[in-house]
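Numbering (the working numbering), first residue to last: 98 to 368.
Just below is one structure, and these are the notes that go with it.
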């Protein structure tokens, strides 16, 4: 079995690596063979899926899924690049990273522009979170005229932007300058915004970490399947072709379910 993937907790200034092969750099493995290096973009502040631990090393569900893929894929080494969400797709398009593993929902708009693995590795919900005790918000319609925290370009914000296109009264979107979901949840706590829309597992993790008095309200707005993302070109097609069968294997042998339970407390694996 091949060695573990390397971990790079750095911003996107990495492609000075030598020996470019089909757009990927290469390095010598322990056995003397050359391996293509696949740079995987992910956030460092999205627990429990992708975040920096107390040693400033990336960890979480998405990270471990990629590491499991790396173990089974000879000839390649996967390295992680901590990337802000608002720079993620730009980094992919400019070849600073070769893939994204960051709880990216397979929306129709994204699938027109990028390649996704056919196999989804996580099934996520979209919910509304408000300050504990608030009773005037439970649905998207209840958010109209209210201030809602947002990250530009994520699927949760796209849902709100689409709602505004047909609503009589807009949801007032307050886009985060930091690109940090944890800070938006703290803004809900201190009243800077009325609500936030995101994944309940991440919300619960941040609430516990920062001791926030928040609560999820109403029913889930959307259910999404998450996939690994590649640039829509030859290299992306090649990576998709070799990773999809491994994701299927990890699903069939129970590895994804085990990792999901470890990091989220439940088995949120698509059928």
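Heads up, the beta-carbon is just placed ideally off N, CA and C, and yes, glycines get one too.
Simplified DSSP assignment, three categories, for residue i
{"i": "residue 137", "result": "strand"}
{"i": "residue 373", "result": "Only positions 98 to 368 of the chain appear in this structure, which leaves residue 373 out of reach."}
{"i": "residue 361", "result": "helix"}
{"i": "residue 333", "result": "helix"}
{"i": "residue 366", "result": "coil"}
{"i": "residue 317", "result": "strand"}
{"i": "residue 288", "result": "coil"}
{"i": "residue 356", "result": "helix"}
{"i": "residue 188", "result": "helix"}
{"i": "residue 118", "result": "Its pLDDT being 34, under 50, residue 118 is placed unreliably in this model, and the value from its coordinates should be taken loosely. It is a strand residue."}
{"i": "residue 220", "result": "strand"}
{"i": "residue 305", "result": "helix"}
{"i": "residue 328", "result": "coil"}
{"i": "residue 225", "result": "strand"}
{"i": "residue 174", "result": "strand"}
{"i": "residue 267", "result": "coil"}
{"i": "residue 160", "result": "helix"}
{"i": "residue 143", "result": "strand"}
{"i": "residue 235", "result": "coil"}
{"i": "residue 197", "result": "strand"}
{"i": "residue 165", "result": "helix"}
{"i": "residue 322", "result": "strand"}
{"i": "residue 249", "result": "coil"}
{"i": "residue 131", "result": "strand"}
{"i": "residue 203", "result": "coil"}
{"i": "residue 243", "result": "coil"}
{"i": "residue 345", "result": "helix"}
{"i": "residue 280", "result": "helix"}
Proximity below 9 Å, CB of residue i to CB of residue j
{"i": "residue 162", "j": "residue 218", "result": "yes"}
{"i": "residue 223", "j": "residue 324", "result": "no"}
{"i": "residue 282", "j": "residue 256", "result": "no"}
{"i": "residue 220", "j": "residue 321", "result": "yes"}
{"i": "residue 239", "j": "residue 288", "result": "no"}
{"i": "residue 273", "j": "residue 307", "result": "no"}
{"i": "residue 226", "j": "residue 313", "result": "yes"}
{"i": "residue 198", "j": "residue 254", "result": "no"}
{"i": "residue 132", "j": "residue 348", "result": "no"}
{"i": "residue 262", "j": "residue 241", "result": "no"}
Span separating the alpha-carbon of residue i from that of residue j
{"i": "residue 99", "j": "residue 327", "result": "Reliability of the predicted coordinates at residue 99 is poor, the pLDDT of 44 falling under 50, and the value obtained from them is presented with this limitation in mind. The alpha-carbon atoms of residue 99 and residue 327 are separated by roughly 23 Å."}
{"i": "residue 235", "j": "residue 174", "result": "45 Å"}
{"i": "residue 119", "j": "residue 158", "result": "With a pLDDT of 45 at residue 119, under the threshold of 50, the modelled position of this residue cannot be trusted; read the value that follows with caution. When rounded, the distance between both Cα atoms is 29 Å."}
{"i": "residue 211", "j": "residue 337", "result": "11 Å"}
{"i": "residue 268", "j": "residue 246", "result": "10 Å"}
{"i": "residue 154", "j": "residue 147", "result": "10 Å"}
{"i": "residue 275", "j": "residue 318", "result": "25 Å"}
{"i": "residue 369", "j": "residue 201", "result": "Because residue 369 is not part of the residues shown, which for the chain are 98 to 368, the question remains open."}
{"i": "residue 233", "j": "residue 368", "result": "35 Å"}
{"i": "residue 149", "j": "residue 142", "result": "7 Å"}
{"i": "residue 196", "j": "residue 361", "result": "23 Å"}
{"i": "residue 388", "j": "residue 172", "result": "With the chain covering only 98 through 368, there is no way to say anything about residue 388."}
{"i": "residue 299", "j": "residue 204", "result": "20 Å"}
{"i": "residue 329", "j": "residue 135", "result": "16 Å"}
{"i": "residue 176", "j": "residue 160", "result": "10 Å"}
{"i": "residue 301", "j": "residue 152", "result": "22 Å"}
{"i": "residue 311", "j": "residue 229", "result": "4 Å"}
{"i": "residue 184", "j": "residue 192", "result": "12 Å"}
{"i": "residue 351", "j": "residue 168", "result": "16 Å"}
{"i": "residue 345", "j": "residue 207", "result": "22 Å"}
CB-CB length for residue i against residue j, believed under 8 Å
{"i": "residue 292", "j": "residue 303", "result": "Not confirmed; about 15 Å, so no contact."}
{"i": "residue 166", "j": "residue 180", "result": "No, residue 166 and residue 180 are not in contact; Cβ-Cβ is about 19 Å, not under 8 Å."}
{"i": "residue 290", "j": "residue 271", "result": "5 Å"}
{"i": "residue 189", "j": "residue 339", "result": "That belief does not hold up - the Cβ atoms of residue 189 and residue 339 are roughly 18 Å apart, past 8 Å."}
{"i": "residue 343", "j": "residue 353", "result": "About 11 Å; that fails the 8 Å criterion."}
Distance cut-off 8 Å: residue i Cβ against heavy atoms of the ligand NAP
{"i": "residue 137", "result": "No copy of the ligand NAP occurs in the structure displayed, which carries no ligand at all."}
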